[in-house]
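5 is the number of the first residue of the sequence shown in the numbering used here; add one for each residue after it. Ideal Cβ placement from N, Cα and C applies to all residues, glycine included. Given the structure is predicted, the values throughout are model-derived calculations rather than measurements.
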Amino acid sequence: MNEASEASTRFPVELYRELIAIGAQILQSPDTKAIVREIAQAFARYSRFERIGVSLYAAPTSPDRPDPPTIAEYITVGLSPEQEQLLHQHNAMGKILSDKQILEAGQPIGTALYVSADRLPQLRHYAVAQARASTEWGPYDMLYWLLRSGDQIFGRIALSQPRDGRLPTAAELEPLALLVHMATLAIINNYQIRALHEQQQKLAEQARRDALTGVYNRRALDEILTQLMDSHTPFTLVFIDIDDFFEVNDRFGHLVGDHALQELARFLKQIVRKTDSVFRYGGDEFIILMPQTTAEQAEQVLTRLHQELQQLNERWASDLADLQLSISLGASSWSPQNPRSLDAVLEEADQFMYRRKRAKQRL
5 MNEASEASTR FPVELYRELI AIGAQILQSP DTKAIVREIA QAFARYSRFE RIGVSLYAAP
65 TSPDRPDPPT IAEYITVGLS PEQEQLLHQH NAMGKILSDK QILEAGQPIG TALYVSADRL
125 PQLRHYAVAQ ARASTEWGPY DMLYWLLRSG DQIFGRIALS QPRDGRLPTA AELEPLALLV
185 HMATLAIINN YQIRALHEQQ QKLAEQARRD ALTGVYNRRA LDEILTQLMD SHTPFTLVFI
245 DIDDFFEVND RFGHLVGDHA LQELARFLKQ IVRKTDSVFR YGGDEFIILM PQTTAEQAEQ
305 VLTRLHQELQ QLNERWASDL ADLQLSISLG ASSWSPQNPR SLDAVLEEAD QFMYRRKRAK
365 QRL
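If you want it as structure tokens, here you go:
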């Protein structure tokens, strides 16, 4: 006698106790993949079905949505590699029943939905054209549980090929329905935790961004520089300052000034290397952080920046008529061989830039 047969002959209290224990374990799991695996294993052990598939959607969905949901996790029991491949092909071709079709064509058995192969056009050609008793299970029939809460569907459990060849009763499915309910609660809980985590990450990222330009702010700069210094990673900072920026605000207004800052930020992001980052240090000052870059390498980058920024300066001169804008640059490098405090590195780059500004070495 196999485990499924033994389970069906146990006292209901014992069966419920075991399924509740599994459900409690699922509720405590933070891993959605582990939840899907536990559900599949529990149905393989406690149901009379030989083939089991459990799928979890990447996001809650509605049965009325026109496109099929994205599958985040999917585990099957009782399928050969060839059958697995065929199933994936059917998924890709859209031949798998949609949640809406299951809800419309499914015959309720307790909280589960039984779909006979001759109920739907896309399954009808699979059906055996012969009369059968109402309790007899067809070779391509399916039993579904939709993991749902209200109008939201989180995934599904699909069962086929009962070992005794007959439809289960609602009473037989009741213990499994309890497990499905607990699994749905666990999945909802995981979705909520993930959504909260993503929101926290989004807020944390927003706190590290400059609201006007969208580049990193000074807080993010301090965090990243501290990490680089702690990991003994050399870097170079390039300070960038718009000369006489107050004239833009005085003569053209703050909206034009804000637009100029946004233009400079976009331009810097376009011309820096993929490994570099752009920060707004404050006011009209920006910083380019270049990890793994020595002072000698930084000089080459500064030369290129002067050339590239000339294009932006020429565009500004054209757009702002009689106002000629220019940009001053300064740089400072840090390495484990020349360790200094973060404030010292920032001060050196800032002073270098202002020495150039005072010496009129402008674009």
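query: Given this structure, state the Cα-to-Cα distance separating residue 227 from residue 221, to the nearest angstrom.; result: 10 angstroms
query: Using beta-carbon positions only, say whether residue 149 and residue 238 come within less than 8 angstroms of one another.; result: no
query: Okay, do the region 63-70 and the region 103-120 touch, 3+ Cβ pairs below 8 angstroms being the bar?; result: yes
query: Among all the DSSP beta bridges, which residues are the ones paired with residue 57?; result: 80 and 162
query: Rounding to the nearest angstrom, what Cα-Cα distance links residue 74 and residue 62 in this structure?; result: 6 angstroms
query: Report, in whole angstroms, the separation of the C-beta atoms of residue 290 and residue 269, which I expect to be a contact under 8 angstroms.; result: 7 angstroms
query: Can you give the beta carbon distance from residue 244 to residue 306, rounded, assuming they're within the 8 angstroms contact cut?; result: With 8 angstroms as the limit, residue 244 and residue 306 do not qualify as a contact, their Cβ atoms being about 10 angstroms apart.
query: Taking the alpha helix (DSSP H) that residue 219 falls in, what are its first and last residues?; result: From DSSP, residue 219 is part of no alpha helix (DSSP H); its letter is neither H nor E.
query: Please report the distance separating the alpha-carbon of residue 42 from that of residue 207.; result: 34 angstroms
query: Going along the chain, which residues of its own chain have a beta-carbon closer than 8 angstroms to the beta-carbon of residue 60, five neighbours each way excluded?; result: 36, 39, 40, 75, 76, 77, 78, 151, 158, 159 and 191
query: What alpha helix (DSSP H) runs, 4 residues minimum, are completely inside the region 215-269?; result: 222-234 and 250-256
query: As a quick exercise: from 89, 167, 313 and 348, pick the residue whose alpha carbon is nearest that of residue 233.; result: 348
query: Residue 50 lies in the alpha helix (DSSP H); which residues open and close that run?; result: 36-50
query: Can you give me the C-alpha to C-alpha distance between residue 188 and residue 209, rounded to a whole angstrom?; result: 31 angstroms
query: Where does residue 341 fall in DSSP's three states?; result: coil
query: Apart from the five residues on each side of it in sequence, which residues of its chain come closer than 8 angstroms, Cβ to Cβ, to residue 31?; result: 186, 189, 190 and 193
query: Quick check on DSSP: helix, strand or coil for residue 97?; result: With a pLDDT of 48 at residue 97, under the threshold of 50, the modelled position of that residue is not reliable, and no figure is offered here.
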